[in-house]
Structure formats: C-alpha cells, structure tokens
Amino acid sequence: MRGLKGFIGVILSLALIAGIILYTQIKRLSGSNNQVKKQVQKQQKDVKTSAKRTLDFTVFEASLDEFSDSRYSEIGKLVIEADIISIQDSIDSDLLSYEELTLFYIRRIKEMDNDKLNTVLQLNPDAITIAKEMDSKKSNNDKLGILHGIPILLKDNIGTGDKLNNAAGAKVLENSSSDRDAFIVDELRKSGAIVLGKTNLSEWANFMSLSSSNGYSALGGQTHNPYGNYDVGGSSSGSGAGVASNFATIAIGTETAGSIISPSSQNSVVGIKPTIGLWSRDRIIPLAIDLDTAGPIARTVKDAAILLEELAGEDENDATTIDISRETDYMKFVDKDGLQGMNIGVVVNSEITSNYRDDDDIIMNRIKDELTNFGANVKDIKLDEKAFKIDGHIDMMSYEFKTGVEKYLNDIGENAPVKTIKEITGFNKRDEENNAYFGQYFIEKARDITITEEENNEILSTNRSNTSSAIDDALETNKIDVIISLNNYLSSVYAIAGYPAITVPAGYRENGEPVGLTISGTKFSEGTLIKAAYAYEQGTKCRKEPDIQ
C-alpha cells in the first residue's frame with residue numbers, strides 16, 4: 001500500500017510539473033481564446049495596492065507651466081508617430097529642440113499615461129537638464145550621433161547609475177538602484193540618448209506567480225493596452241505599450257522567452273529579440289541568465305535596427321559578447337525590396353497551430369499572400385518534434401533565477417536591501433496582499449530549488465541543442481532563409497536556442513486587437529530578419545496610431 005501511495009505521489013508530482021510547464025508555455029504563447037479572455041479579465045480588474053508608485057512630476061512643473069497648449073500641439077504634429085531620422089531632421093531645421101521634445105513626452109505621459117495606461121513607472125528627474133545639455137552640444141556644432149537627444153524608456157530591470165531605481169517592479173526593491181550604468185545604458189549615454197524613465201513590467205519579468213496578469217507589478221500596477229481591452233502582453237509591457245502610445249521615441253525591453261516579442265506584437269510595434277551575445281546583459285536583473293537578453297522596441301523597423309546597431313558590442317562583464325562574429329551595419333539590410341526571392345517557411349507543427357485563436361488561420365493565410373506578392377517564396381514547414389520537448393525547463397529557470405538574482409543583489413552592494421531569494425519571499429509574505437497580490441509561486445520554487453549547477457547546465461545543453469538544431473535543420477532541409485509565425489507562438493523554441501526574432505505589425509483582428517508577424521532564424525541572422533521585416537512593413541504599412549481615450 002505504501003508503495004502504491006508513493007507511486008501515486010510521483011505521478012501527481014509529474015502531473016503538477018507538466019501542468020506548470022504547459023501553463024507557462026500557453027501563457028507566453030498568448031494563444032487559445034479562453035486563455036486570452038482570462039488574461040484580459042485580470043488586466044481589466046486593474047489591481048491597485050498600497051505598494052503602487054505615483055509618478056512624480058514636481059521637478060517638471062515649472063517647465064510644463066511654460067509649455068503652452070499651442071506649442072504642445074505644434075510639436076505633436078512633428079513628433080507623434082515620427083521616427084528617429086524625421087525627428088532629427090525637424091531639430092536640424094530648428095522646428096523644435098531636444099528640450100521641447102523631452103518636455104512633450106513628459107506632458108503626454110502626465111495627461112495620457114499617469115494612472116491610466118500605467119506604462120511608465122518612474123521618470124528621470126534630470127531628463128530636462130540632460131536635454132538642455134544635448135541642445136548645447138548641438139549649438140556648439142559637436143559631432144553628434146543618430147541617437148543624440150532622443151528620449152528613450154528602459155524596462156525596470158535595466159540598471160542605471162543615476163537617480164532612477166531598478167526594482168523589477170517589486171516592492172522589496174522599491175528604493176534600490178544599480179551601483180552603476182548597465183553596459184547598454186553606458187553606450188546609450190555615449191551616443192547622447194536621453195534616459196527618460198523606467199517602464200512597468202510583469203513583476204520579476206513574469207517569474208512571479210501562476211496566476212499573475214501580463215503587465216502587473218506591485219510598484220507599477222496594471223499596464224493596459226492603448227488599443228483597447230486586449231492583452232497587453234508581457235513581460236516588457238510598459239516598453240511595448242509606451243512606445244505604441246508615443247510616450248517616447250524608442251524603448252528597451254528584455255526577453256527570456258517572448259517578453260519582447262509578445263508586448264510588441266500586442267501593441268502594434270516592432271520588437272527585436274537579439275541572439276544571445278549580441279547585446280550585453282550586464283547590470284540587468286536576470287530571470288535566467290542563459291536565456292536573457294535586452295532588445296529594442298520601436299514603432300518602425302528602421303528605428304529598431306538603429307538601436308540594435310548602436311548597442312551591439314563586446315563587454316568584458318558579459319562573456320557571451322566576447323570573441324564572437326557579429327554584424328556591425330544593420331542599416332544596409334533596410335531594403336524595401338528585401339523580400340524579393342527570399343525563401344520563407346511557415347511553421348505548421350500542431351504544437352503551434354493547436355494554440356491558434358479563431359482567426360489565426362485567416363490572418364496567417366493573408367500574410368502568406370502578402371509575402372508572396374512582395375516576391376517571397378513561401379511554404380509550410382515542420383520543425384523536428386524535439387524542438388517542443390523542453391524537459392526540466394522550469395527547474396532550470398528556477399535555478400538560474402535564484403543564482404542570477406542573488407548575484408545581482410550582491411554585486412550592487414549596499415544598494416540592495418536584501419541579498420537572497422529567501423529574504424524576498426519573507427518580505428512579500430509579511431504583506432502578501434500588497435507585495436505579492438497574485439502570490440509568489442515561482443519565487444518560492446526558486447527559493448527551494450535543489451538542482452546543482454551541473455544538472456542545470458545539462459538541462460540547458462540538451463534543450464538548447466534540441467531547439468537550435470531543429471531550427472538549423474529546418475532552414476537547411478527546406479532551403480529557406482527565415483521562419484515565420486504569429487506573435488510569440490514560437491518563443492519557447494527560438495528563445496531556448498538563443499536565436500533571434502523580430503516582430504512587425506501585421507494588422508489587426510476583427511475586434512481591433514493588434515497582431516504581429518514574427519520572423520526568426522539562426523544565430524546572428526538579425527540582418528536577414530530586419531531585411532524581411534522592413535520590406536513587409538513598407539509593403540503593408542499596417543501600423544495605426546492608437547486612439548487613447
């Protein structure tokens with residue numbers, strides 16, 4: 001009898017683990033009508049707790065008072081939906097200044113985002129001062145880069161050595177900040193970009209709870225989709241929705257598996273998840289360091305390519321960036337005829353199509369026709385089934401979350417109020433309703449994880465080998481250049497492989513919800529992905545500005 005109970009216990013444990021893995025995959029796929037409906041219901045509940053941070057506009061009030069309605073309206077005509085080059089052209093023509101550009105975004109955030117869409121979590125109090133410095137450098141005829149004076153929003157897990165906090169949306173890190181700039185932030189500053197503020201996110205990059213909603217954090221509350229009552233996507237929810245809403249020119253998100261692609265697709269913007277090693281992960285609060293990367297989010301493919309190029313580089317603090325062969329000029333792939341002769345494979349494995357929503361078949365067929373009309377050769381393909389056999393993934397993520405977060409907390413020294421996952425769960429438990437409204441299942445699992453580094457590496461090695469070889473074999477066997485899917489349906493494959501993906505607006509569902517075409521390929525194939533995405537973008541011009549109520 002004891003043996004039977006033990007056997008049943010093992011079966012139940014395996015079923016629970018399988019359920020967790022299935023849940024995580026479905027949640028990140030954004031597929032299945034029921035799952036999406038439940039997500040939207042949670043997001044519309046708009047949970048607000050005592051932990052929610054209030055945006056502080058005090059330091060900007062004098063400048064805002066002097067910023068007339070008529071001037072605000074004039075600048076809006078130049079800036080809304082404008083890309084980086086158009087904005088720089090307007091500034092070169094003395095139609096506006098970097099100070100006015102920055103002030104425009106701050107006022108727009110105050111009027112349209114604050115306690116409404118909740119995309120921005122914190123504003124940089126020095127933003128206007130920095131913008132004035134950028135104007136001064138321009139008037140001195142200093143040599144300026146393409147990002148000079150351009151306001152950018154950063155996800156709230158990317159460290160800055162200024163007055164901004166870095167908290168991953170968590171109450172426990174509310175007053176914590178990085179001891180220095182992340183490598184990519186340092187590169188931004190060298191380019192002259194203005195760090196406008198931090199964006200809300202799914203707390204701890206969506207590694208918080210079984211029942212949490214995309215775009216919810218204790219500090220930021222619930223981020224909403226500017227297009228209406230639709231899933232905002234996660235975990236880089238504020239970065240995606242903020243750029244879509246014209247609260248900044250560009251933004252940066254992070255992705256472990258779908259966290260750039262999902263909110264970009266859901267908010268009708270462009271997102272690039274780079275190959276692991278293209279961008280440094282230095283001073284970014286990790287989820288799973290072997291899968292994590294930051295990446296650009298923008299309204300156009302060209303802007304995303306500009307940002308991708310500017311921040312790609314070798315960093316001694318991130319070994320994955322050292323001694324690799326990387327592309328240095330992505331703008332040469334910006335070609336409106338880029339789809340001519342390109343060979344494209346559409347993934348039709350049941351693991352993907354079984355999660356299709358009601359109109360996904362219609363959308364994909366329309367996209368296939370569009371790609372064909374633009375000169376591409378399109379055919380259905382299947383990935384090897386091993387690509388979807390992702391064993392031990394939650395254990396691996398739990399192990400890497402624990403070791404990675406604890407390393408980050410110790411690296412920033414006295415700036416960290418806690419040093420261990422155990423301290424984090426203990427803090428949340430003392431006021432769970434406010435600090436962990438949806439619970440903290442995944443953090444507790446990370447706290448209690450017992451696998452070794454060797455076991456973790458074995459899980460990663462097996463899963464990475466299975467997914468990367470499945471993609472590479474499909475490309476070679478089918479003689480195709482890229483693979484396409486919808487939204488982040490394929491994220492569990494390309495992300496674990498460490499391979500890149502780009503999503504580009506592909507229109508809207510019948511109910512008005514945005515949908516994205518996602519293009520993926522082999523490692524360091526970002527140039528080819530940009531080429532395909534830009535040609536599709538220019539051929540369809542699908543993106544529409546949201547009507548923010």
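Numbering (full-length UniProt numbering), first residue to last: 1 to 549.
Just so you know, even glycine gets a beta-carbon here, dropped at the ideal spot from N, CA and C.
Item, Value
"Spatial neighbours of Leu103 within its chain, please: C-beta separation below 8 Å, excluding the five flanking residues on both sides.", "Phe60, Ser63, Leu64, Phe67, Ile128, Ala131"
"Given a cut-off of 9 Å on the beta-carbon distance, is the pair Val232 and Gln43 in contact?", "yes"
"Report the CB separation of Ile306 from Ile146 in whole angstroms; it is logged as a contact under 8 Å.", "6 Å"
"Would you kindly work out how many angstroms separate the C-alpha atoms of Ile530 and Val120, rounded to a whole number?", "28 Å"
"Check whether the stretch 425-437 and the stretch 157-176 are in contact - that is, three or more C-beta pairs closer than 8 Å.", "yes"
"Leaving out five residues before and five after Ala193 in sequence, what residues of the same chain have Cβ atoms less than 7 Å from its Cβ?", "Leu147, Ile150, Ile152"
"When you compare only the Cα positions, how much space is there between Gly161 and Tyr72?", "31 Å"
"Among the residues of its own chain, which have a CB less than 6 Å from the CB of Ser398, if the five just before and after it don't count?", "Lys445, Ala446, Ile449"
"Roughly how many whole angstroms lie between the Cα atoms of Leu371 and Leu339?", "7 Å"
"So if DSSP puts Ala497 in a beta bridge, which residue, or which two residues, is it bridged to?", "Partner(s): none; Ala497 has no beta bridge."
"Does Thr199 come out as helix, strand or coil in the three-state DSSP assignment?", "strand"
"Going by Cα to Cα distance, which pick from Ser176, Glu100, Thr58 is closest to Lys77?", "Glu100"
"With a CB to CB cut of under 7 Å and the five nearest residues on each side skipped, what residues in its chain are close to Asn114?", "Leu55"
"Tell me the rounded alpha-carbon separation between Leu460 and Asn466.", "10 Å"
"Three Cβ pairs or more, each shorter than 8 Å: is that satisfied between the stretch 385-395 and the stretch 534-543?", "no"
"For Asp69, which three-state DSSP category applies?", "helix"
"Drop a sphere of 10 angstroms on the beta-carbon of Ile8, count the other beta-carbons inside from all chains shown, and report buried for 16 or more, exposed for fewer.", "In this predicted model, Ile8 has a pLDDT of only 34, less than 50, meaning its place in the structure is not dependable; the value taken from the coordinates is given anyway. Per the 10 Å Cβ criterion, exposed."
"Taking the alpha-carbon of Asn124 as reference, which of Ile502, Leu196, Asp473 has the nearest alpha-carbon?", "Leu196"
"So, with DSSP's three-state summary, where would you put Asp292?", "coil"
"If you drop the 5 nearest sequence neighbours on each side, which residues of the same chain put their C-beta closer than 7 Å to that of Val243?", "Ile250, Ala251, Val269, Ile297, Ala298, Arg299"
"Quick check: the stretch 173-184 against the stretch 416-428, are there 3 or more CB pairs under 8 Å?", "yes"
"Inspect the CB distances between the stretch 217-236 and the stretch 521-529 and report whether three or more fall short of 8 Å.", "no"
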